[in-house]
Amino acid sequence: MERRRYPRIEINLPAKTFFSQGSSIEMEVCQLSVGGCKMRGDDLFDTSRMENISIRIGNRTIDAKPQPLYCNIKGDDVYFGVAFEKLSLLDSLRLRRFISTHIANHGGIWPPPSH
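The letter at position 73 of the sequence shown is residue 73 when you use my numbering, and the numbering goes up by one with no holes.
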């Protein structure tokens, strides 16, 4: 049985991944929790070079230091799973509020709905 520490939602949010040499790429967050996210991109890259992720939530940006967990390729898309290694207290509170509101209005994907 899958066990997760935080509730997880399915979503489409714009994000930008920044790398150690100053470059960045646009990505999309497709799953989100307070502990991390699943991101979709077009290209494969060296995840060890990831320095920061900025996720756009409404008119705010959440910044997190990512810890890469996995990379999967499905068709033309590349999916990256990352844990948030460092997240400010304010960003953590904003993220918790956003996820709670989303679950109340649309439901979540973890924990699964009880029957």
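Think of the CB as a built atom: it goes at the ideal place given N, C-alpha and C, for glycine as much as any other residue.
Check, Outcome
"Could you please give me the residues that DSSP links to cysteine 37 through a beta bridge?", "Leu32 and Val82"
"Run through DSSP, which three-state label would phenylalanine 45 get?", "coil"
"Which residues does DSSP list as the beta-bridge partners of tyrosine 70?", "Gly81"
"State the start and end residues of the unbroken beta strand (DSSP E) segment that holds serine 54.", "50 to 57"
"Could you give the C-beta distance for proline 68 and threonine 47, rounded to a whole number, given that I count them as a contact under 8 Å?", "4 Å"
"Go to isoleucine 103, then tell me how far its alpha helix (DSSP H) extends in each direction, as first and last residue.", "89 to 106"
"Distance check for proline 7 and methionine 1, CA to CA, integer angstroms please.", "Any answer about methionine 1 is weak, because its pLDDT of 44 lies below 50 and its placement is not dependable; what the coordinates show is given next. Distance between the alpha carbons of methionine 1 and proline 7 is about 15 Å."
"In three-state terms, what does DSSP make of proline 14?", "strand"
"Apart from the five residues just before and just after lysine 74, which ones in its own chain have a Cβ nearer than 8 Å to its Cβ?", "none"
"Per DSSP, which one or two residues make a beta bridge with aspartate 63?", "Ser54"
"Output the distance between the C-alpha atoms of histidine 115 and histidine 102, rounded to the nearest integer angstrom.", "Its pLDDT being 45, under 50, histidine 115 is placed unreliably in this model, and the value from its coordinates should be taken loosely. Whole-angstrom Cα-Cα distance: 20 Å."
"Which same chain residues end up closer than 7 Å to phenylalanine 98 when comparing Cβ atoms and leaving out the 5 residues on each side of it in sequence?", "Ile57"
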